[in-house]
Amino acid sequence: MHRLRQGKLYPSKSLSWICSFSTLLWFCLPKGQYNSNSLSSVRYMSTSTSAVAIEKQMVAENEVQQVELLTGVEDLHGGIILDMNKAMDSEAFASSLRASMSPWKQQGKRAVWIKVPTELVNLVEPAVKEGFRYHHAEPDYLMLVNWISNSTNTLPQNASHRVGIGAFVVNDKREVLVVQEKNGRFKGTGVWKFPTGVVNEGEDIYMAAIREVKEETGIDTEFVEILAFRQSHKSFFTKSDLFFVCMLRPHSFDIQKQDIEIDAAQVHSNGHPCTDC
1 MHRLRQGKLY PSKSLSWICS FSTLLWFCLP KGQYNSNSLS SVRYMSTSTS
51 AVAIEKQMVA ENEVQQVELL TGVEDLHGGI ILDMNKAMDS EAFASSLRAS
101 MSPWKQQGKR AVWIKVPTEL VNLVEPAVKE GFRYHHAEPD YLMLVNWISN
151 STNTLPQNAS HRVGIGAFVV NDKREVLVVQ EKNGRFKGTG VWKFPTGVVN
201 EGEDIYMAAI REVKEETGID TEFVEILAFR QSHKSFFTKS DLFFVCMLRP
251 HSFDIQKQDI EIDAAQVHSN GHPCTDC
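Last residue of the sequence shown: 277 (my numbering), numbering continuous.
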């Protein structure tokens, strides 16, 4: 045994090594090569080193515990949809996304969709680095997707077509509404054409025709029938185009031209401007 008396350390004859034990480490000195100062120093070093090791271990454990799994909504095709509506740090998001992929794969999920609003654009890059790709974009969000199944990728492509309309507005006198555009391919050519436009999301084709005529000429109409349609490719960037010609009956020919898009609007009879409509 060693006894500490009046600040001095006295070694016993039966012990040739003195060891200072701390929580994690043992420090030992040979007999006769220590004093009270060196022992205090060893004890201090042992405690300090152990504290650093424990602190690092606790930080590492806390970091693992703080990675939260992302939650989403299951779709009808075995996928997960994440609607990101809260601000997140890019690195934290990457860690959470990486940790969430494993259980989704184990659950047999086929694809993961991430809806990223414009204000959270910082989440796009870490998602792409984890294997996600762009699917489509709208004015207020970007949709990313990742096929995580080992089966054949059956994800639908982005919308392939744009839908347009042409309005053949004719009354009982066979008088037809025509316009000249301020923009587009016929700008400044003097060509008269039917009112045209693009169908909005969720809008019926015939309602789009009625709306476009009202916006461009101020004329109220009612739908009669679809006269024809055609398909063309690479019409809008790489997208194809479906174009429907709708026959409409006017309630009147009281024209109130839209100045933003329309340069002129008239009613033609037998190919000539109608002067007594």
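We put the CB at the ideal spot given by N, CA and C, even for glycine.
Practice problem: Give a yes or no on whether the C-beta atoms belonging to Pro-223 and Leu-242 are separated by under 8 Å. | Solution: The residue you asked about is not Pro; residue 223 is Phe in the sequence shown. Result no, Cβ atoms of Phe-223 and Leu-242 do not sit closer than 8 Å.
Quiz prompt | Sequence-distant residues of the same chain with beta carbon closer than 7 Å to Asp-259, five excluded per side | solution = none
Quiz item: How many angstroms separate the CA atom of Val-169 from the CA atom of Lys-187?
Solution: 21 Å
Quiz item: For Gly-164 versus Thr-196, is the C-beta distance shorter than 8 Å?
Solution: yes
Self-check item: Endpoints, the beta strand (DSSP E) within which Thr-196 is located
Solution: 196-198
Quiz item: In chain order, what residues of the same chain lie with their CB nearer than 7 Å to the CB of Lys-109, ignoring the 5 residues before and after it?
Solution: Gly-78, Gly-79, Ile-80, Ile-148
Exercise. Can you grab the Cα-Cα spacing for the pair Gln-231 / Ser-240, in whole Å?
Key: 7 Å
Quiz prompt | Close beta carbons around Ser-41, own chain, < 6 Å, minus the five adjacent residues each side | solution = Annotation note: pLDDT 43 at Ser-41 (below 50); position unreliable, coordinate value reported separately. The answer is none, since no qualifying residue turns up.
Quiz item: Apart from the five residues on each side of it in sequence, which residues of its chain come closer than 6 Å, Cβ to Cβ, to Gly-166?
Solution: Phe-194, Thr-196, Val-245
Exercise. Kindly indicate which three-state DSSP category Ser-151 falls into: helix, strand or coil?
Key: coil
Self-check item: Endpoints, beta strand (DSSP E) assigned at Ala-126
Solution: Rather than Ala, the amino acid found at residue 126 in this sequence is Pro. Note, Pro-126: premise wrong, no beta strand (DSSP E); alpha helix (DSSP H) at 124-129.
Self-check item: Lys-278 to Ile-114 span [Cα, whole Å]
Solution: It is not possible to answer for residue 278, since the shown part of the chain is limited to 1 through 277.
Quiz prompt | Supposed close pair Leu-123, Met-101 - CB separation, criterion 8 Å | solution = Their Cβ separation, rounded to whole angstroms, is 15 Å, which puts Leu-123 and Met-101 out of contact at 8 Å.
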